[in-house]
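Notes to accompany the following structure.
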Amino acid sequence: MPQRWSSEQIRLTHDLILVFLVGLGVRIIWVALIPPWATPDEPSHFTYVTHLAEQGEIPSQTEGNEAYPEMADEVTKSWGYLAIDQVSGLGAKFGGSRAYLAVQHDYDTARRFKAPHSERMTRRGAAASGYPPVYYAYSAIFYSVFDSAPLLARLYATRASSALLGALTCCFSYLLAWELGRSRAWAQATALAMALMPMHAFITASVNNDAAMFLVSTALCWLILVCLRRPKVTFRLAAGLGVLCGLILVTKQTAGSLIIVAAGVLAVRAFPVSRHPWRLVRDRIFALATFVASLLIIDVPWIVYRAASAKVASARVTSEGGIVINVLDDAKYTLAAYLEHKISLGSDYYHWLFMRSFWGTFGWLEVFMPESVYSALGWLYVIAAVGLLVRLLRDRGARAGTLLLLGLVLGHVLVLFLAVDYRLFFARYGAGLGLQGRYFFVTLAPLLALIVSGWSALFRDHPFAVRLIPIASLMLALLSFSTMLSYYYGVEFL
Amino acid sequence: MNGPSGRITISALVAALAVVALAFVPASLPAGDNFGTSGSAARPIGDLYEGRLAVQEFISSGTEIQALTIQIATYGRHNAGKLYITVQAEVDGQWRTLAKKKFSKRKLIDNEFKEVRFRPALRVKRGQRIALSVRSDKDPSQAITWWMNPEHRAEGMRLTVDGVEQTGSAVFSVAYKRIAGTVGEIRKPLWKRMTVFLRPTGRACVAIAALVALLCFVHLVLWGAAPISSRELP
Numbered sequence: 002m003p004q005r006w007s008s009e010q011i012r013l014t015h016d017l018i019l020v021f022l023v024g025l026g027v028r029i030i031w032v033a034l035i036p037p038w039a040t041p042d043e044p045s046h047f048t049y050v051t052h053l054a055e056q057g058e059i060p061s062q063t064e065g066n067e068a069y070p071e072m073a074d075e076v077t078k079s080w081g082y083l084a085i086d087q088v089s090g091l092g093a094k095f096g097g098s099r100a101y102l103a104v105q106h107d108y109d110t111a112r113r114f115k116a117p118h119s120e121r122m123t124r125r126g127a128a129a130s131g132y133p134p135v136y137y138a139y140s141a142i143f144y145s146v147f148d149s150a151p152l153l154a155r156l157y158a159t160r161a162s163s164a165l166l167g168a169l170t171c172c173f174s175y176l177l178a179w180e181l182g183r184s185r186a187w188a189q190a191t192a193l194a195m196a197l198m199p200m201h202a203f204i205t206a207s208v209n210n211d212a213a214m215f216l217v218s219t220a221l222c223w224l225i226l227v228c229l230r231r232p233k234v235t236f237r238l239a240a241g242l243g244v245l246c247g248l249i250l251v252t253k254q255t256a257g258s259l260i261i262v263a264a265g266v267l268a269v270r271a272f273p274v275s276r277h278p279w280r281l282v283r284d285r286i287f288a289l290a291t292f293v294a295s296l297l298i299i300d301v302p303w304i305v306y307r308a309a310s311a312k313v314a315s316a317r318v319t320s321e322g323g324i325v326i327n328v329l330d331d332a333k334y335t336l337a338a339y340l341e342h343k344i345s346l347g348s349d350y351y352h353w354l355f356m357r358s359f360w361g362t363f364g365w366l367e368v369f370m371p372e373s374v375y376s377a378l379g380w381l382y383v384i385a386a387v388g389l390l391v392r393l394l395r396d397r398g399a400r401a402g403t404l405l406l407l408g409l410v411l412g413h414v415l416v417l418f419l420a421v422d423y424r425l426f427f428a429r430y431g432a433g434l435g436l437q438g439r440y441f442f443v444t445l446a447p448l449l450a451l452i453v454s455g456w457s458a459l460f461r462d463h464p465f466a467v468r469l470i471p472i473a474s475l476m477l478a479l480l481s482f483s484t485m486l487s488y489y490y491g492v493e494f495l
Numbered sequence: 037m038n039g040p041s042g043r044i045t046i047s048a049l050v051a052a053l054a055v056v057a058l059a060f061v062p063a064s065l066p067a068g069d070n071f072g073t074s075g076s077a078a079r080p081i082g083d084l085y086e087g088r089l090a091v092q093e094f095i096s097s098g099t100e101i102q103a104l105t106i107q108i109a110t111y112g113r114h115n116a117g118k119l120y121i122t123v124q125a126e127v128d129g130q131w132r133t134l135a136k137k138k139f140s141k142r143k144l145i146d147n148e149f150k151e152v153r154f155r156p157a158l159r160v161k162r163g164q165r166i167a168l169s170v171r172s173d174k175d176p177s178q179a180i181t182w183w184m185n186p187e188h189r190a191e192g193m194r195l196t197v198d199g200v201e202q203t204g205s206a207v208f209s210v211a212y213k214r215i216a217g218t219v220g221e222i223r224k225p226l227w228k229r230m231t232v233f234l235r236p237t238g239r240a241c242v243a244i245a246a247l248v249a250l251l252c253f254v255h256l257v258l259w260g261a262a263p264i265s266s267r268e269l270p
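The listed protein sequences correspond, in order, to chains A and B.
With positions in the first sequence counted from 1, the corresponding number in our numbering is that position plus 1.
With positions in the second sequence counted from 1, the corresponding number in our numbering is that position plus 36.
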């Protein structure tokens, strides 16, 4: 006899369905609004998907099949049909300027354009070739359903696959906020803030493996919090953590720092509390073993494949998803030089990184919302920080969870700067990776939950205060739609 | 009205009201391709004084020209006399004058982008050849000039000075009258423009997704969530 659901479980499920539909609907709007190829690296990511779907193989890490072009002829031909190169960062024409997509243009040909399969072949996965295949294999399913359709239909279908992942991410952000505050109002506010957040919606509505990484990392953040908060940590929870950590390594390793946190939290949590010391130690060992085994089940096939396909004799694979050995080699620039360089960039750089690039920089990072929006969002950080301080001082029960989420957010920022920007790039080449706001979205759900918590604390957890957050998020979303419509389509409101 | 179906009904009504409210928002969209040549690599076209004529031809991509802008230079002087701007359209091989404007050269600012607005907008046809003529009176000591970009070449564009074709284009821009009204009034061309890359099925999917998202959002915001009591905490 199936266990009867409690009224609270029913309400949470109801909320999750609604959050999913809002997140998906918003992303479908973005899928349609973003002109084809007008998001960072979309042609490359789409090439990877095409390579998997059309040629049935994971793209090569090295030269690939030189009989085919780097990017499919079908894709490069489409740029002329679409006239997008006259507007977007793909290539504005010199000497002439078009303020927006041409009004006088044969878009019907663009909508119907499709090339034979021979023109869809690619050498490998373009600039995305180094990434693990999980996201692309998932998206290839959507591509394949529309195999005989025009190119744009396949592109939009692939974008829709990302949108689904983005919508699911909103559901996990709901669960994370619920776990933090045990309040449906908080959870709804956090989830709707993510559902409507312009930059997150923009990225997860395009062909980009970030969509998969955001989903997995948000789910992992939630499970880490669950692991911390629950009195009893089960084998199922340990296995779940292991699976998610494994998935991070086979989607995009940018979220790798969460694996260390997950392992650490699991290691220190008491398993079924036992008076017998040996049983306590044994259960912790079993929990960690379950975690590691689950991670390896997901990752070993990919590690073996990469080791077998790596041509370099030293077995050193430096691109993401591979085996990395001797990463501490060849550091030519010191940490002090890096810090000096970062300080010299000035406040404008950090404003761009944490405000413009984080909340909304669209297209090929050339489309901005009005500057006053970013200034207002800056005040949001300040207000939330003050509120969090109030929360930490007043609400003892919320301290552990709040501090954990704060640690996740700040820890990820430090990892991106020190481990990625400095160690992998600046230390070797004297120039950083070129950090962008969306790289911090791994811990976006914890950040939004903290903002909601801080804001609510300032109003003594009055329910009306939290309801303002979805309204403000909707305004921000509408403003971002208006920005896109103005820049690309010449449509103006008010 | 407090039951689930009552709440859904109220949410649907509020969502419908939001859509109706959106219909009253003023909006505009382009009806033609505003076009402009950039000033990079620009140089003067030459002195324009009595008896000299510069003509820039282009192909119209809209149906109502609202404004034309040219970049002129005064050589740092306050020149006497007038600047004459004429707009003509080619009809059956003949040029027909659509508008004539004159400006005092004394009031011109060196290197300014001089905008000429037309009220009402000049009615032209898409694909029609248009000629923008600039001339000036008085002797060479009171000449002005028009900036040109020798590296800019576009289909259908032709620049002549005293009938002699020049390489490149003049620095100018064309602004077509926009389709304006409330969202409700211009909903068809607005929707078509916003979904220009989509086929009918795609447009339907977007519309349905947007409406469902709006309904779910309104429902979540309106009916919110009661805080869970401590007795229900695990």
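Positions of the beta carbon are idealized from the N, C-alpha and C atoms, including for glycine.
All of these numbers come straight from a predicted model, not from anything done at the bench.
Sheet register partners of residue i (DSSP bridge)
i, result
"arginine 132 of chain B", "B:Ala125"
"arginine 79 of chain B", "B:Met184"
"proline 278 of chain A", "Partner(s): none; proline 278 of chain A has no beta bridge."
"threonine 196 of chain B", "B:Val91, B:Glu201"
"glutamate 151 of chain B", "B:Thr105"
"glutamate 493 of chain A", "B:Ser64"
"leucine 168 of chain B", "B:Gln92, B:Val123"
"serine 140 of chain B", "B:Lys118"
"threonine 362 of chain A", "A:Phe369"
Simplified DSSP assignment, three categories, for residue i
i, result
"valine 219 of chain B", "coil"
"glutamate 71 of chain A", "coil"
"valine 86 of chain B", "In the sequence on display, residue 86 of chain B carries glutamate and not valine. Coil, per DSSP."
"glutamate 191 of chain B", "coil"
"threonine 205 of chain A", "coil"
"arginine 162 of chain B", "coil"
"leucine 234 of chain B", "coil"
"proline 302 of chain A", "helix"
"proline 62 of chain B", "strand"
"glutamine 437 of chain A", "coil"
"leucine 119 of chain B", "strand"
"serine 266 of chain B", "Legend: pLDDT at serine 266 of chain B = 40, less than 50; position of this residue unreliable, no value from coordinates given."
"proline 60 of chain A", "coil"
"proline 44 of chain A", "helix"
"proline 176 of chain B", "helix"
"glycine 322 of chain A", "Residue confidence for glycine 322 of chain A is low, a pLDDT of 47 falling below 50, so the modelled location carries little weight; the figure read from the coordinates is stated next. The answer is coil: DSSP assigns glycine 322 of chain A none of H, G, I, E or B."
"tyrosine 116 of chain A", "Checking the sequence, you will find alanine at residue 116 of chain A rather than tyrosine. Alanine 116 of chain A: coil per DSSP, three-state reduction."
"proline 156 of chain B", "strand"
"valine 104 of chain A", "coil"
"glutamine 110 of chain A", "Correcting the residue type first, residue 110 of chain A is threonine in the shown sequence and not glutamine. Here threonine 110 of chain A sits in helix by DSSP."
"valine 88 of chain A", "coil"
"proline 40 of chain B", "helix"
Partner residues on chain A for residue i, Cβ-Cβ distance less than 8 Å
i, result
"proline 62 of chain B", "Phe494, Leu495"
"leucine 226 of chain B", "Val492"
Endpoints, alpha helix (DSSP H) assigned at residue i
i, result
"glutamine 107 of chain B", "It is not in any alpha helix (DSSP H) - glutamine 107 of chain B instead sits in the beta strand (DSSP E) that spans 100-109."
"phenylalanine 427 of chain A", "No alpha helix (DSSP H) holds phenylalanine 427 of chain A; DSSP gives it neither H nor E."
"glycine 26 of chain A", "8-34"
"tryptophan 456 of chain A", "445-459"
"proline 464 of chain A", "464-485"
"valine 266 of chain A", "258-269"
"lysine 343 of chain A", "336-345"
"alanine 332 of chain A", "Here alanine 332 of chain A belongs to no alpha helix (DSSP H), and DSSP marks it neither H nor E."
"tryptophan 179 of chain A", "152-182"
Listed by chain order, chain B residues near residue i by CB distance under 7 Å
i, result
"arginine 468 of chain A", "Val257, Gly260"
"leucine 486 of chain A", "Met230"
"arginine 112 of chain A", "Phe233, Arg235"
Residue range of the beta strand (DSSP E) that includes residue i
i, result
"glutamine 202 of chain B", "200-202"
Interface partners of residue i on chain B, CB under 8 Å
i, result
"arginine 397 of chain A", "Those do not exist, as arginine 397 of chain A stays about 14 Å from chain B at its closest Cβ, beyond 8 Å."
9 Å Cβ cut-off: residues of chain A touching residue i
i, result
"arginine 159 of chain B", "Those do not exist, as arginine 159 of chain B stays about 17 Å from chain A at its closest Cβ, beyond 9 Å."
Contacts of residue i in chain A (Cβ-Cβ under 7 Å)
i, result
"alanine 246 of chain B", "Gly26, Ile30"
"valine 242 of chain B", "Ile29, Ile30, Ala33"
Contact set between residue i and chain B, taken where Cβ atoms lie within less than 9 Å
i, result
"glutamine 437 of chain A", "In chain order: nothing, as chain B lies at least about 26 Å away."
"tyrosine 490 of chain A", "Leu65, Pro66, Arg229, Met230, Val232"
For this session: Go through the stretch 186-255 of chain A residue by residue and report every complete run of the alpha helix (DSSP H) that reaches 4 residues or more, in order.
Result: 199-204, 211-230, 236-250
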